[in-house]
Each structure stands twice: as C-alpha cells, then as structure tokens.
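Below: the structure, in structure tokens.
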Amino acid sequence: MISLNKNMKKKSLTILICMFAFSLWAQSPKREMRASWLATVYQLDWPKSVVSQTGNEVEINTQKRLMTRILDSLVSANMNAVCFQVRSRCDAMYRSSYEPWASDLVKKRGLDPGYDPLAFVVEEGHKRGLEVHAWVNPYRYESSVSDATWNELPNDYRVSNPEWILQVGNASILDPGLPAVKQRITDVIQEIVENYDIDGVLFDDYFYLQGISTQDAKTYAENNPNGLELADWRRRNVNDLIANVYNMIQEKKPYVKFGVSPAGVWDVSADVAASYGITLSNITAGYAYNGIYCDPVAWLYEGTVDYISPQIYWTIGSSNDYSVLAPWWAKTALHFGKNFYSSHSISGLSAALKATRTTEATSQGLSSLEQAITAENNAVSTRAFGASEVAAQIQINRDADKSGAPGSIFYATTKIYSTKGFIDYLKSEKYANKALTPAIHWKNSSDPAVVNNIDLVDNTLRWNSAGENMRYAIYALPKSEILNSADITTLLNTSKYYLGLSYVSTFTLPKNVDLSSSVFAVAIVDRYGNEYAPIIMGQESLLGISPQLVYPDNGTDVLAPFSFKWKTVENAISYIIEISLTQDFTSVICAREVTENLFSTHNLPPLVKEQNYYWRVKTKTIGNISEPSEIRNFTCSPFAIITPEDKSTDVSLSPTIVWSDAGREATYLLEVSSNLNFSSSQIVFSQTYNTNTCQLTNVLVGGKTYYLRVKAQIEGEETITDISSFTTIEQIPEIPVVISPVNNSHVSSEQILVKWSEEPRAKSFRVELSSQDNFPPRQVKVKQIEPYTYETFFEDISAGTYYLRMRSEYFSESAILYTDWCPTVTFYYSGATGIKENLDGKDIAFIRTENDQKQLVLKLDEMSWVNADLLSVSGMVISHIYDGEVNGEANVDIPVDNLSQGIYLIKIDTGCRIILLKFVK
C-alpha cells in the first residue's frame with residue numbers, strides 16, 4: 002500500500018506538476034473524438050479483394066488481415082474510433098434481414114461470405130479500445146442505373162418495391178418522400194442497433210440527388226398533408242427520417258451515439274438562420290440546402306442528433322476557410338447543446354505536400370466523402386495540403402471547443418497509414434497521448450458501482466466487473482510523481498498517464514509500461530462516455546464530500562453569462578456540475594466534469610429568460626463520487642437589448658438604446674445595421690460605451706427597419722446580445738430650402754458649394770444641376786446625398802447660366818418616396834478657376850509635403866479667423882482640421898493616415914473668401 006502524507010507541503014513541485022498538466026492539455030486533451038471514415042463502397046479503403054465462395058477461409062482471412070492492419074494503425078496513431086461503412090447502396094456488410102450482401106464484399110451481390118464483417122470489426126475494434134460507429138448511406142440505391150446486378154435478387158428494391166426508386170440522371174435513390182421508405186430505412190438501422198454492440202450510427206451527406214426537378218412530383222402530390230412548398234417538403238422528409246432514427250435509438254439503446262455528416266457550408270439566408278436563433282458564418286456559398294435538401298441546423302434545433310460532423314474539406318485560408326467554418330460549427334453545435342466533430346479530407350495528403358481537392362459540387366453517383374478519394378486530382382484547393390495543415394486544423398477545433406468535446410473524423414482511412422511519416426507526425430504534434438471520446442453528458446445515466454479487486458498477473462491487469470455494458474479507463478501513474486493525494490488527482494486529470502479503454506474486465510499493459518515504477522488505476526466509463534471514480538491499485542478509497550455551493554444563490558435571477566461557483570473540496574479529482582430543467586434532474590441539459598470549482602455559462606447553450614433551472618455539484622475522489630450538493634434553482638436574464646423592444650414600430654429618430662448592465666468594468670460595442678447580416682457596408686453606427694445606455698442622434702431615417710446588437714466583455718469573453726430590430730416612425734420631410742447659392746446670384750468659382758436647410762426626416766437628398774431650366778436627363782449633374790448631410794459640391798463647371806433644384810427622399814412602408822422639387826435656383830458663373838491644385842506658395846493657402854506629412858500652409862497679411870475642412874471629392878466633410886486666428890503664416894497637418902487612396906479637397910473659409918484645394922493621396 003502506498004503511504005500518502007496529507008500534510009506534506011511541496012508547493013513548488015505541485016505548481017510544476019500543475020503547469021505541466023496544463024501544457025499537456027493544450028497539446029493532447031484527455032477527451033477528444035479521433036476517428037476515421039473507413040469506406041467500403043468500391044473497396045475504397047476495405048476490402049481490397051472479394052469472397053468468391055461462401056466460407057472461403059483464404060479469402061475471408063485476407064479480408065480480416067487487412068482489417069486488423071487498419072485497426073492497428075488507428076490504435077498506433079492514438080485514435081479512438083472507427084466509422085465503418087456497413088451500408089453504401091442498399092446493401093450490407095453485415096447479416097441483414099432486408100438487404101443483400103454488398104458486391105464490394107463478395108464476388109456477386111447477395112452471396113453469403115460465410116462471416117459477418119460488422120461483427121468482426123466490433124469485436125476487433127473493442128478488443129483494441131476503439132469505438133465502432135456504423136456508417137450508413139441512408140438513401141442511395143444505385144450509382145449507375147446501368148448495373149443490371151441490382152435487379153436480380155428478390156430483395157433488390159427494383160424487384161420488390163420498384164415504386165420506391167427515384168431516378169435522377171444515371172443515379173437512383175430511395176424516394177425520401179415515401180412513408181414506406183422512411184420506415185424501411187429506420188427498420189434497417191434498428192436491426193443494426195439491436196443485433197450489434199456498436200457505439201454509434203453515422204449518416205453521410207447523401208440525401209436527395211442534386212439536379213432533381215419533377216421526378217418526385219407524384220410523391221409530392223400524394224404525401225404532403227401540410228401543404229408545404231416543394232423545397233420545404235423535401236427538407237422535411239429528410240428531417241423526419243433523421244428524427245425517426247434518433248427516436249428509435251433512444252428507445253432501443255440510447256447510449257448509441259447518432260451523428261450526421263452534412264456538407265461543410267450551411268448555405269441559407271440570414272432569415273433562415275435567424276429563425277433558429279443563430280447568425281450565419283461569413284461563408285454561405287454551397288449546394289446542400291436547395292440542392293440535396295439538407296438542413297443540418299434543423300436536426301440540431303430539433304434535438305435529433307447527438308453530434309454533427311460537417312465535411313469541411315478546405316484548407317486554412319482558402320475561399321471556404323477552415324478557420325472560419327469550423328469555429329462557426331462548434332459555436333452552432335454548442336448553441337443547441339450537441340457535440341461537433343469536424344470531418345477532414347486527407348485524401349490528397351502526401352509527404353510532398355500534394356494539393357487536395359475541393360468539394361464545390363457533388364456528382365450524382367458519389368457522396369462528397371467518396372468523391373474526395375475517387376477524384377482527388379480533379380481539382381485543387383488554394384493551398385498545398387500537408388500534415389502540418391491537419392495539425393493546424395485539429396488545433397482550430399480545440400481552440401473553438403467549449404463543450405469539452407473537440408474532435409475530428411478523417412477521410413480516407415487508407416491515407417492515415419499509407420502516407421509516409423503521417424502517423425509519427427500526428428503523434429508528435431497533436432496526438433501525443435491517448436484520449437477518451439467525449440461524453441454524451443446530457444442523457445440520464447445511473448451511477449454504477451466502482452470496480453474492485455484490481456490485480457496484476459504478469460502484464461495483465463484484472464478486476465471484478467462492475468456490471469454489464471460497462472467500459473473501463475486504465476491509467477499508469479508514476480510513483481516518482483506521487484507525494485500525496487493531491488498529486489494523484491492532478492495526474493488523473495491529464496491524458497499523459499491514460500493507457501487506453503477496455504470493454505472487458507482485463508487489460509494487457511503495453512510493453513513500454515514499467516510495472517515496478519507505476520501505480521495502476523481503473524475507472525468505469527459508461528457507454529454514454531461518462532467516467533466515474535477511479536480505484537487506485539493498493540490504495541484505499543477517499544471519502545466523497547459534497548461541495549458547498551456559492552453562486553448563484555437559491556431562487557435568484559442572474560444576468561447571463563455568469564459562472565457557477567462552489568467551494569473546493571480537498572483531494573477532489575474533479576467535480577460534476579449538473580444543470581436541469583426539473584428539480585428531480587430527469588431533464589438534464591448538462592452534466593459536465595470540470596477540474597476547477599467554477600463553470601461558465603459560456604460553455605452552455607443559451608439560457609432562456611424566465612426559465613427555471615436547477616443545479617447541483619458532485620465531487621469525484623479516489624474511489625468515490627459524493628452525494629449531490631444541495632439543489633439550487635435560478636432564473637436568468639440573458640444579456641440583451643432592453644429598449645427599444647424587438648420588432649417595435651414607430652420608433653423615434655433619436656431613440657434611447659438600453660441594454661443589460663453587466664457591471665462597472667464592462668465595455669460595450671453598440672452596432673446599428675440596415676440589414677440582418679451586419680455586413681460592414683451596411684453598419685450605419687458603431688461606437689463603444691462604458692455605460693449600458695446611449696441616445697442615437699443624426700443616424701436614423703424615418704420609415705426604415707434597423708437591426709441592433711451589443712457586444713460586451715463579460716467573464717473574460719465576448720458576449721453578444723441577440724439581434725433586435727425596430728422600425729422608425731414614418732415622417733414626411735419638408736421640401737429642402739437652398740441656402741447657397743442664392744437665387745439670381747453670381748458665383749466666382751468653378752467649384753459650387755450647395756447648402757440647404759437641415760431636415761433630419763429625410764433618408765437622402767437628390768440635388769440636380771443643369772444648364773437648362775427644364776433639366777433634361779442627359780444634361781443634368783446629380784448628387785445623391787446621405788442623411789444628416791446638408792451640403793455638397795459641383796466641380797469644374799464652365800462659364801454660363803445654371804439651374805439648381807433638389808428634393809428630400811424618405812421611406813414609407815419600405816417604398817422610397819420623395820417630396821416635390823424645391824423652387825429652382827438660378828445663378829451665373831463668368832469663368833474663373835475655383836479648385837486649385839498644389840500652388841506655388843504665392844497664394845494665401847497651399848499644400849506642401851514635409852517629411853512625408855502633408856501640410857496646409859496659410860499666409861495672411863492681416864489677422865483673420867480661418868476655418869479649414871477636409872472633404873471627400875463629393876463634398877462630404879471628413880474632418881475639421883483648423884478653426885482659429887491666422888496672422889502671418891500658419892502650418893496645419895492634414896490627417897491623411899486613415900484615408901483611402903483617392904482625391905480629396907480642403908475647403909478654406911477666411912470669412913471673405915472661400916478657397917478649395919485639391920490633393921491626391
């Protein structure tokens with residue numbers, strides 16, 4: 002037995018171990034999905050040969066040897082799951098009651114091979130500690146309708162149920178709109194779930210065939226009771242199948258994880274995104290939503306998947322930038338309380354940095370996954386693709402994760418073990434240690450008993466089973482780093498000493514484990530992925546003490562986001578915080594294991610206003626999980642815009658904006674946009690505040706809808722309110738009154754400054770100048786002026802008589818209306834030069850450059866008060882650069898650093914003269 006002195010004070014060593022543990026987490030987290038797509042269609046990954054006769058042992062063993070080689074390669078890369086394709090074209094890599102054996106497995110479709118590949122993969126995968134997810138293509142029937150072998154067997158659907166087949170071009174699928182098809186696919190999955198000890202089911206992105214038009218018109222007419230539009234109906238059919246399969250799994254084996262792998266870009270409008278309560282990424286060009294009628298966010302919204310694995314088959318920095326898409330998917334999955342594991346294409350991976358393909362389009366006969374290997378040379382991405390790209394993408398996933406569930410699924414499996422040096426690189430850079438797969442923590446699970454009687458016989462650990470359907474995590478802790486219980490708890494929270502997962506109550510230790518210098522620990526891991534209290538070989542269990550809750554208090558309303566807090570417990574390995582919609586914790590939304598005594602709501606789906614939540618915490622120590630703490634309930638008020646109310650109308654043009662007060666140290670960025678996307682060109686106002694209120698002035702126009710959001714730094718992270726909209730009051734502006742030039746006046750400059758009366762109700766002003774009093778369209782100069790601007794310039798006019806008119810424009814029920822024209826203003830110009838270039842220093846004002854700094858030089862013989870403004874070429878005031886007395890010479894720096902390249906004006910007003918200077922940046 003190891004003696005642990007609880008009073009030993011080794012602070013420096015403890016700090017060093019903690020720092021080392023943090024570094025390990027950054028490099029190799031304890032939980033991470035590390036899987037591969039193992040493709041069987043067309044024998045892409047496996048098998049590479051067929052069984053020609055039932056029970057041919059030589060051929061069967063050839064297939065089995067390749068499979069064990071593949072599984073061994075995944076284990077050697079410290080991966081923890083394999084997604085084995087068991088149904089690719091309404092056929093089977095397992096013993097099916099519904100569909101024939103796959104032609105990729107046997108010489109002729111339907112021939113019994115004499116063994117069950119799925120059963121073999123489950124057995125061999127579990128023997129190696131790998132989860133096995135059954136990869137299913139839900140709808141595809143034929144990649145090519147010319148293949149007659151799909152029409153010979155009684156259970157070929159073209160024979161048994163030809164009305165189920167939906168053909169588009171040269172490919173066919175089962176018709177997603179038929180209730181019988183939905184039921185059959187669900188039955189097929191149910192048979193797999195019930196007959197095999199799989200850990201998950203995974204659909205790829207093969208839904209409706211791209212290019213479909215009217216082929217399903219009859220199905221649409223006969224199976225649309227809710228009268229949906231065609232595109233919505235097709236998506237609803239897919240959503241219904243996803244829901245049917247998910248619900249069946251919850252009934253039969255709820256611990257079997259269900260995931261779907263859609264296209265990597267969610268190509269919808271901002272309105273569709275808003276209907277789900279989320280915003281779009283900056284990348285929305287794709288084909289899935291209206292091409293194959295796939296809406297993955299609907300599955301997250303409806304709660305009918307456990308994880309989402311979008312196929313983000315682009316490099317970092319490409320047009321579909323991985324570093325943009327993956328964080329967006331991670332955030333979206335968290336929003337709905339599900340896990341996100343990115344699917345990466347490594348089909349173009351090579352040690353020579355060969356370029357990889359993109360997936361801008363999808364061929365009819367292949368899913369995006371399959372195209373990535375069968376046509377890897379058809380197109381190239383914008384950047385070379387090497388192992389370092391894969392490592393960088395893995396890190397992006399880790400950095401974006403707030404669910405405790407980073408993860409990757411790599412395609413294709415063959416590339417993992419056939420690319421020279423890739424496994425070694427992956428292990429040295431990202432997968433240095435083994436990892437547990439992330440838990441499906443929101444599902445109810447019972448606390449199992451701990452293991453006992455751990456024994457070491459030769460190099461095999463044995464223990465008493467903790468019951469059926471349990472798995473076990475095994476650790477080898479170095480005696481040299483254990484001084485007290487606190488050291489053990491620190492070591493158990495890293496991946497460094499985790500040896501692997503066992504599906505049975507024995508574990509063969511790796512050869513590199515030193516039996517004499519290690520202490521072994523075993524912890525139960527249930528099928529949902531939850532890890533329970535470890536037992537240390539030769540060590541007594543410690544008492545599990547329930548934590549004392551600190552914040553939030555019971556029965557309070559708190560501003561979200563915030564952190565749950567509780568007091569630390571001595572020798573705690575970790576804490577399990579549970580948050581539920583019900584006091585009996587039968588509707589758990591989160592049961593997360595954390596190592597610190599706090600947990601931020603940034604790591605949760607958004608909390609709903611006025612919803613009652615209940616929370617409690619358990620302590621995990623050596624050999625024990627404590628009784629739960631007291632239960633506290635709370636409601637929350639999310640960080641939000643308070644006024645004006647969302648979708649309010651008739652809002653003043655100078656409204657007061659109020660949002661939640663996050664405390665004295667918070668800073669807020671208020672953004673007002675004229676569209677829902679908040680694209681930079683449509684943001685009409687953006688300003689930072691230290692208080693939670695402001696009044697908008699000289700920003701809004703009447704009769705227009707605006708969108709608001711506020712960003713703040715709360716709990717050390719950026720928090721954004723939901724987008725709120727309002728529509729300003731419709732107000733008809735007055736006809737503008739021209740102030741300058743005066744009617745029937747003479748002007749002395751070819752640069753005409755036009756000024757008019759202020760009119761804040763106008764959305765814009767239209768100013769027209771013509772040499773004809775009837776303003777013929779081809780002889781009119783036009784200026785369209787933004788609101789709250791009341792002057793502009795017309796340049797380079799020649800000598801003659803001119804006519805000026807203008808009007809106000811405004812919104813009314815989204816239409817653009819306008820006032821009558823103002824009375825026409827007539828003026829005369831005799832032909833002098835107005836705008837001056839860089840002068841020679843003889844005039845009273847000129848521009849010069851000193852040490853790369855442009856300066857306005859003013860020279861006046863008599864004291865005068867001078868105003869100088871920097872203008873755009875259209876006459877908009879950019880900034881006021883001088884306002885003061887000049888007697889002699891004054892030098893004024895012109896602020897050009899933040900100006901874009903182009904032509905600019907300086908307007909100098911001496912009181913008795915206006916000079917316009919032009920310069921180019």
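Our numbering numbers the first residue of the sequence shown as 2 and each following residue consecutively.
Here a beta-carbon is modelled for each residue, glycine too, at the ideal position from N, C-alpha and C.
**Neighbour-count burial assignment, E597, 16 or more Cβ in a 10 Å radius** = exposed
Can you look up F920 in the DSSP assignment and give me helix, strand or coil? In this structure, F920 counts as strand in the three-state DSSP scheme.
| message | Check whether the region 570 to 577 and the region 608 to 628 are in contact - that is, three or more C-beta pairs closer than 8 angstroms. | response | yes
> Where D425 and T414 are concerned, what is the direct C-alpha to C-alpha distance, given to the nearest angstrom?
Replying inline: 15 angstroms
For my contact list, V783 and E769 are in at a C-beta cut-off of 8 angstroms; report their separation, rounded to the angstrom. 6 angstroms
| Per DSSP, F600 is paired with what? | F565
Fill in: Neighbour-count burial assignment, E143, 16 or more Cβ in a 10 Å radius
buried
| said: For T333, report the span of its alpha helix (DSSP H) as first-last. | reply: 323 to 336
**Prompt:** Between the region 121 to 135 and the region 146 to 157, do at least 3 Cβ pairs fall closer than 8 angstroms?
**Reply:** no
Contact between the region 436 to 450 and the region 31 to 49 (3+ Cβ pairs under 8 angstroms): yes
CA-to-CA distance, W315 to K355, given in whole angstroms: Residue confidence is low: K355 scores 34 on pLDDT, short of 50, so the model does not pin down where it sits. No coordinate-derived value is stated.
Requested in this report: Report the rounded CA-to-CA distance for K332 versus D402, giving the unit in angstroms.
Outcome: Cα to Cα, the separation comes out at about 8 angstroms.
Would you kindly work out how many angstroms separate the C-alpha atoms of E303 and N224, rounded to a whole number? In a straight line, the C-alpha of E303 is about 22 angstroms away from that of N224.
Check: Does the region 439 to 447 touch the region 524 to 540, meaning 3 or more C-beta pairs lie closer than 8 angstroms?
Finding: Below 8 angstroms, enough C-beta pairs join the region 524 to 540 and the region 439 to 447 to call them touching: three or more.
Problem set entry | Backbone CA spacing between L818 and T729 [nearest angstrom] | Approximately 15 angstroms between the Cα atoms of the pair.
With a CB to CB cut of under 8 angstroms and the five nearest residues on each side skipped, what residues in its chain are close to D73? R129
Are the beta-carbon atoms of Q64 and D105 separated by less than 7 angstroms?
no
*Please confirm if the region 455 to 474 is in contact with the region 264 to 278, defined as three or more CB-CB distances below 8 angstroms between the two stretches.*
no
Item checked: Unbroken stretches of the beta strand (DSSP E), 3 residues or longer, contained in the region 120 to 182 -> 132 to 137, 141 to 143, 166 to 169, 172 to 175
Note to self: Using a 10 Å radius around the Cβ and a threshold of 16 neighbouring Cβ atoms, would you call M864 buried or exposed?
What the structure shows: Exposed, by the Cβ-count rule.
- Query: Going by DSSP, which residues form a beta bridge with I721?
  - Reply: K712
Work out the CA separation of R472 and L605 for me, nearest whole Å. Pairing L605 with R472, the inter-Cα distance amounts to about 27 angstroms.
### Query
For L203 versus G260, is the C-beta spacing smaller than 7 angstroms?
yes
Worksheet item: If you draw a straight line from the C-alpha of E611 to the C-alpha of I658, how long is it?
Response: 22 angstroms
Decide if W866 is buried, meaning its Cβ has at least 16 other Cβ atoms within 10 Å, or exposed. exposed
* To do: Evaluate N248 with the Cβ neighbour count: other Cβ atoms within 10 Å of its Cβ, from every protein chain shown; 16 or more gives buried, anything less gives exposed.
  => exposed
*Tell me where the beta strand (DSSP E) around D925 begins and ends.*
Residue coverage of the chain in this structure runs from 2 to 922, which leaves residue 925 outside it and unanswerable.
(Q) If contacts are defined as beta-carbon pairs under 8 angstroms, then P734 and T820 qualify, I think. What distance do you get, rounded to the angstrom? (A) 6 angstroms
Please determine, among E541, Y256, T720, W822, the residue with the shortest C-alpha to C-alpha distance to N531.
Y256
Discussion item. Assuming A869 and K922 are in contact, meaning their beta carbons sit under 8 angstroms apart, how far apart are those beta carbons, in whole angstroms?
Written reply: So it is not a contact: roughly 17 angstroms between Cβ atoms.
Under the three-state reduction of DSSP, which class applies to F1: helix, strand or coil? Only positions 2 to 922 of the chain appear in this structure, which leaves residue 1 out of reach.
Checklist line | Exposed unless 16 or more other CB atoms sit within 10 angstroms - verdict on H881 | finding: exposed
Bounding residues of the beta strand (DSSP E) (the contiguous stretch that carries L872):
854 to 873
**Report entry** Proximal residues to G56 (C-beta, below 7 angstroms), its chain only, five neighbours per side dropped
**Finding:** G115
Classify Q902 as buried or exposed, calling it buried when 16 or more other Cβ atoms lie within 10 Å of its own Cβ. exposed
- [ ] Run through the region 280 to 310 for me and flag every whole alpha helix (DSSP H) of 4 or more residues, listed as ranges in chain order.
- [x] For the region 280 to 310, whole alpha helix (DSSP H) runs of length 4 or above, ordered along the chain, are 297 to 303.
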